[in-house]
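In the UniProt record's numbering, the protein residues as written are 1 to 196.
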Amino acid sequence: MSTTNDKEDNMAKKTTKKKSKRKTLDPDILRKVLNKHPIKTLDNMVTKLQDYDVYTNRSMVNNTFHELNIKYDENHIYHFPTKKELDYQQKFIENAIKLNEILSIDEVHTVILKTDPEIAQRLAIAIKSFMEDIVLYYDVRQDHIILYIKGETNNFLNIFKKCQERSSEQIESNKIKQKEIEQKKKEKKIKLRKLR
1 MSTTNDKEDN MAKKTTKKKS KRKTLDPDIL RKVLNKHPIK TLDNMVTKLQ
51 DYDVYTNRSM VNNTFHELNI KYDENHIYHF PTKKELDYQQ KFIENAIKLN
101 EILSIDEVHT VILKTDPEIA QRLAIAIKSF MEDIVLYYDV RQDHIILYIK
151 GETNNFLNIF KKCQERSSEQ IESNKIKQKE IEQKKKEKKI KLRKLR
């Protein structure tokens with residue numbers, strides 16, 4: 001007969017197993033190293049972490065970089081994404097989504113998104129990055145993207161619809177601003193004519 005303590009021990013073992021499967025590093029350690037050293041390769045990062053007596057390997061570093069959305073900057077040095085980069089990425093997705101339509105949805109795990117071939121790869125990467133918790137992985141075809149969703153596709157659809165709504169609002173807002181600019185130009189021309 002199992003006691004409460006046995007159950008707690010089993011739960012602890014399960015939790016430990018789950019954690020070990022992830023094989024990622026503490027973000028604070030990475031942040032410390034990235035702030036002090038210009039890291040250009042995974043091997044470079046592994047060596048620096050080992051200098052700090054941190055047990056790691058290329059796979060763990062790569063998993064952690066992916067999880068934290070750490071990418072190269074223009075000097076080919078790894079860095080944490082800035083707020084400006086994250087905002088730009090979100091705007092890109094919102095603007096790109098208005099060009100797209102959902103071709104089909106599997107209620108459980110798959111969304112097929114029709115897209116422009118010129119932006120398919122970039123859009124897929126951005127969506128994966130922006131919806132990291134929902135999109136497991138993607139497959140880019142010529143004029144569509146297949147997205148494999150974690151959990152029910154409703155999670156993805158809710159975010160997708162919000163992005164589309166924001167896109168529509170942005171388009172309308174831009175049209176209004178454009179009209180205002182054109183109106184001001186006309187008024188300026190009329191004033192200049194009167195002055196002549």
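No residue lacks a Cβ here, since even glycine has one placed at the ideal position from N, Cα and C.
Return the bridge partner residues of residue i from the DSSP annotation.
{"i": "residue 147", "result": "111 and 138"}
{"i": "residue 79", "result": "71"}
From this set, the options, which residue's C-alpha is nearest residue i's C-alpha?
{"i": "residue 69", "options": "109, 54, 178 and 125", "result": "125"}
{"i": "residue 62", "options": "41, 135 and 140", "result": "41"}
{"i": "residue 143", "options": "119, 158 and 179", "result": "119"}
{"i": "residue 37", "options": "178, 183, 179 and 78", "result": "78"}
{"i": "residue 39", "options": "71, 123 and 138", "result": "71"}
Considering residue i, what are the terminal residues of the alpha helix (DSSP H) in which it resides?
{"i": "residue 32", "result": "27 to 36"}
{"i": "residue 44", "result": "42 to 51"}
Given a cut-off of 8 Å, decide if residue j and residue i are closer than it, judged by their beta-carbon atoms.
{"i": "residue 30", "j": "residue 64", "result": "yes"}
{"i": "residue 176", "j": "residue 131", "result": "no"}
{"i": "residue 24", "j": "residue 67", "result": "yes"}
{"i": "residue 156", "j": "residue 140", "result": "no"}
Are any of the Cβ atoms in chain C nearer than 8 Å to that of residue i?
{"i": "residue 183", "result": "No chain C appears in the structure shown, which is made up of a single protein chain."}
Cβ pair count under 8 Å reaching 3, the segment 58 to 68 against the segment 37 to 45: Yes: the two stretches touch, three or more of their Cβ pairs being nearer than 8 Å.
The segment 144 to 151 touching the segment 111 to 121, judged by at least three CB pairs closer than 8 Å: The segment 144 to 151 vs the segment 111 to 121: in contact.
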